[in-house]
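Numbering (my numbering), first residue to last: 2 to 214.
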């Protein structure tokens, strides 16, 4: 579990494929590598990976074929920067929102707007996830917890404060770039419960019986 508050950016050193369909990504990150133990979870641009080793300011993590195919990690090249966050500690402040590190979709930047020292970007979103994106709701882009500004058919927008532009990879985004998208976990489970066609499922009719309107 993560918060969507990026600790630092790291640099991809290498990506190597091993037997059994597992790849290993090496990331240079002196700020956090020394504190990462084998088996720990690290969010790499929003995708939860398991670290297998760390030394010399570089940590390595394993990636399944599923991770490579459904996130933009499979498109990374050596030298590129990624956003990094270690797992949330119980008892710590939850300053972003609850983030699983399970990417729902890879979106595309369709527009970048400047507003003084801040910014606003528009991202494409398919029907598969649009239902879980609401204005003023939470969303995660490349591991960064953000608030949705506009939610329209096929796209949505978020605002980027100067700190986000400066301290994460979102500051270098341009039209056509891809980003990992994770919708709010609460929206995910509410939709699942309301959509169940069983006697135990939650329906709008049942909610109305208990005073919801």
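Beta carbons are placed, not taken as given, at the ideal position from N, Cα and C, and that holds for glycine.
In this structure, the alpha-carbon of residue 26 lies about 31 Å from that of residue 131. Counting along the chain, the unbroken alpha helix (DSSP H) around residue 71 starts and ends at 66 to 71.
Residue 101 and residue 183 have their C-alpha atoms some 8 Å from each other. Distance from residue 110 to residue 185 at the Cβ level is roughly 20 Å; contact not present, criterion being Cβ atoms closer than 8 Å.
As the crow flies, the alpha-carbon of residue 85 is around 6 Å from that of residue 8. Taking C-beta separations shorter than 7 Å and ignoring five residues to either side along the sequence, the partners of residue 133 in its chain run 184, 185, 188, 189, 192, following chain order. By the criterion of a C-beta distance shorter than 6 Å, residue 22 is surrounded in its chain by 66, once the five residues flanking it on both sides are discounted.
Taking one beta carbon from each stretch, the region 73 to 90 and the region 153 to 160 have fewer than 3 pairs nearer than 8 Å; the two do not touch. Bounds of the alpha helix (DSSP H) holding residue 165 are 163 to 168. In the DSSP assignment, residue 59 forms a beta bridge with 29, 56.
A Cβ-Cβ separation of about 5 Å places residue 29 in contact with residue 59 under the 8 Å criterion. Residue 88 is bridged by DSSP to nothing; it lacks a bridge partner.
If you draw a straight line from the Cα of residue 70 to the Cα of residue 94, it is about 33 Å long. Taking the CA atoms as reference points, residue 146 sits about 18 Å from residue 42. The three-state reading of DSSP puts residue 48 in strand, counting E and B together. Closest in C-alpha terms to residue 17, from the list 50, 6, 79, 57, comes 79. Relative to the Cα of residue 10, the nearest Cα in the group 129, 56, 45, 152 belongs to 45. In the structure shown, the three-state DSSP call for residue 106 is strand. Distance from the CA of residue 77 to the CA of residue 13, rounded to the nearest whole angstrom, comes to 8 Å. The beta carbons of residue 127 and residue 114 sit no closer together than 8 Å.
By alpha-carbon distance to residue 142, the top candidate from 172, 151, 33, 180 is 180.
In the DSSP annotation of this structure, the continuous segment of the beta strand (DSSP E) that includes residue 181 starts and ends at 179 to 184. Non-local C-beta neighbours of residue 176 in its own chain, meaning closer than 7 Å and more than five positions away in sequence, comprise 110, 111, 112, 113, ordered along the chain.
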